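Shown next, in the form of structure tokens:
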């Protein structure tokens, strides 16, 4: 997806860490990714590094002023292949949803 078509998306960089609460390699990777996205495509609506539960349930944003996204994320970016594949399989089984992306 090119940056122009993604500008209507609400993108969340998913991590076990919320806004710097941990300095693990995975959390640092997502923080760096956010920095690069904001430098290269500032028009995108993106937030992170953030725990998945925070962006899937929009009500949580009302309790925190840290969020840049308004409403629920509709694009989730995970830190590695293992996390991505696990999320894909859980989405298929639990939600009965059809995930879009590589299979």
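Residue numbers (our numbering): 341 to 443.
Virtual Cβ for every residue (Gly too), placed ideally from N, Cα, C.
Source: prediction; values computed, not measured.
Top-ranked residue by Cα proximity to residue i, from the options
i           : options               : result
residue 419 : 375, 367 and 435      : 367
residue 387 : 364, 414 and 421      : 414
residue 374 : 412, 363, 417 and 349 : 417
residue 385 : 435, 429, 412 and 422 : 412
Simplified DSSP assignment, three categories, for residue i
i           : result
residue 422 : helix
residue 427 : helix
residue 352 : strand
residue 365 : helix
residue 381 : coil
residue 438 : coil
residue 401 : Confidence at residue 401 is low in this model, with a pLDDT of 49, below 50, so its placement is unreliable and no value can be given for it.
Which residues DSSP lists as bridging residue i, in chain order
i           : result
residue 388 : 353
residue 325 : The chain is shown from 341 up to 443; residue 325 falls before or after that span and cannot be answered.
If contact is defined by three or more beta carbon pairs under 8 Å, each pair taking one atom from either stretch, is the region 346-364 in contact with the region 383-393? yes
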